[in-house]
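Structure, as structure tokens:
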Amino acid sequence: MRVMGENRDMRPEAGRAYDDLLAGSLFMGRTNRLDELFYAERARPPLVIWDPNRIDLQDAEFEAFVEQVNRLPTVRGLPLASAFDPARFMSREWLMLLESIGFGGDFRYLFYGSGVAEYYGRSLTGRRTSAIGGHISRFFIALYRAAMHRRQRVLSEHEPPSHVFVRIWRRLIVPLVDDTGFVTHFAVLNIPENHLRSGLEVVPFPCIVADRARMVRFANAEARRLAAPTRVWEYGEPLAALLGQDLVLPDEPEALLGPPSNPLQTRVSLDLPGRPGTPCQVHVGAARYRNEAIFVLTILPPIE
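So the number in the working numbering is just where the residue sits in the sequence shown, counting from 1, plus 5.
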């Protein structure tokens, strides 16, 4: 049974002392401090399951990952870090490999799968978990630290901050050890769940999701090709940076929510890579995602 924090609006004190308390409570299987941390950010608390079984996992990729991990040589019952090679795993696009820094004071990403990087919006290879910042960073560090001491696998499910276009991240964390049996690394399979994103990804036309501040939350594969190939484009950039120009949109996306639903249609010329001045028809609609209204743009050839 989950124990709720007594004051959802009380922001936890900062510093290593609180982080130690958070890790300690997770080590004991308690979630009250974790609940407080997320409630303070108006976010739903994560789900944490120690030593998950197949029913808990409920995902073929998780099960295949576990089967591969179970074939690795072990020391004191845990997989050997030196035997873990992300390139050999079928699900490596969703895989992360971290090393412990300062006996669990922080963690560094040695491998960051391409799928995770795409959904998150950037790669964290070579960076520390603390660099993520905010309550998510503190949750990750505390959970890794607790897993070091419990020496157990742990499954977690959490909502990311709203700028990440993912409804839920499901993570299976596996401690890895050195030849003395001390936990030094973690292998993490990180699976995103977002049905809206999955549907837009298969649309054969460029589709872009932007928030009310005109910042891009998501661009499907066709839309990502709009960006100039000579520059690195990341989520969170202005819509105009991706399209090469500003579009006239309503002040608020709620204006396009039904009923009745009346998406805007406008004809524009976009300077696409290698195709300057390409005429296009842009449909601008809206959707509600995680209780927030967002713009959804579809770019089509012009109707003659």
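Note that CB positions come from ideal geometry on N, CA and C, so glycine has one too.
Review point. Going by the CB atoms, is the gap between L31 and L181 shorter than 9 Å?
Key: no
Practice item. Would you mind working out which of Y240, V80 and P57 sits nearest D184, comparing C-alpha positions? Key: V80
Review point. Just how far apart, CA to CA, sit H154 and Q73?
Key: 23 Å
Check your understanding: The alpha helix (DSSP H) with V4 in it runs from where to where?
Key -> With the chain running from 6 to 309 in the structure shown, residue 4 is simply not present.
Practice item. Report back the beta-carbon spacing between V193 and R176 to the nearest angstrom; my notes put them in contact at under 8 Å. Key: 6 Å
**Study point:** Residue interval of the beta strand (DSSP E) (run including S161)
**Key:** V159 to H163
Review point. Beta carbon of R113, beta carbon of R133: below 9 Å?
Key: yes
Check your understanding: In angstroms, rounded to a whole number, what distance separates the CA positions of R340 and V171?
Key -> In the structure as shown, the chain starts at 6 and stops at 309, and residue 340 therefore has no counterpart that could be examined.
**Study point:** Buried/exposed call for R158, threshold 16 Cβ in 10 Å
**Key:** buried
Review point. Considering M101, what are the terminal residues of the beta strand (DSSP E) in which it resides?
Key: L100 to I106
**Study point:** Any non-hydrogen atom of the ligand ZN within 8 Å of D64 CB
**Key:** The ligand content of the structure shown is nil, which means the ligand ZN is not present either.
**Study point:** Buried/exposed call for S105, threshold 16 Cβ in 10 Å
**Key:** buried
Point to revise | Own chain partners of E297 with C-beta closer than 7 Å, once the 5 adjacent residues on each side are dropped | key: S167
Review point. How many whole angstroms separate the CB atoms of L77 and A92, which I take to be in contact at a CB cut-off of 8 Å?
Key: Actually they are not in contact, since the Cβ atoms of L77 and A92 sit about 14 Å apart, beyond 8 Å.
Practice item. Count the other CB atoms, across all protein chains shown, that sit within 10 Å of the CB of G118; report buried if there are 16 or more and exposed otherwise. Key: buried
**Study point:** One or two residues paired with N195 in a DSSP bridge
**Key:** R176
Check your understanding: Do the CB positions of F144 and F300 come within less than 9 Å of each other?
Key -> no
**Study point:** Bridge partner(s) assigned by DSSP for I299
**Key:** A292
Practice item. Report yes if the C-beta distance between L52 and E162 is below 9 Å; otherwise report no. Key: yes
Exercise for review: Alpha carbon to alpha carbon, how far is A147 from D24? Give it in angstroms, no decimals.
Suggested key: 6 Å
Practice item. Could you tell me which residues DSSP pairs with T130 in its beta bridges? Key: Bridge partners of T130: none, in fact.
Practice item. Could you tell me whether the Cβ atoms of V221 and A215 are closer together than 9 Å? Key: yes
Exercise for review: Return the residue from the list G29, G241, G107 and L39 that minimises the CA-CA distance to R49.
Suggested key: L39
**Study point:** 4-residue-minimum alpha helix (DSSP H) runs that sit fully inside the stretch 27–91, ordered along the chain
**Key:** 37–44, 59–62 and 65–75
Practice item. Look up R113 in the DSSP assignment and give the residues it is bridged to. Key: E104 and R133
Review point. Does DSSP put Y240 in a helix, in a strand, or in coil?
Key: coil
Check your understanding: Just how far apart, CA to CA, sit E198 and G139?
Key -> 22 Å
Check your understanding: According to DSSP, which residues form a beta bridge with A215?
Key -> V221 and F300
Check your understanding: Among L247, G241, N225 and L302, which has the Cα closest to the Cα of P258?
Key -> L302
Exercise for review: Could you work out which residue in A291, S142 and L262 is closest to I213 when comparing CA atoms only?
Suggested key: A291
Review point. Taking the C-alpha atoms as reference points, what is the distance between F94 and F70?
Key: 7 Å
Practice item. Could you tell me whether the Cβ atoms of L231 and I304 are closer together than 9 Å? Key: yes
**Study point:** Which listed residue (L160, Y125 and A246) has its alpha carbon closest to that of G34
**Key:** L160
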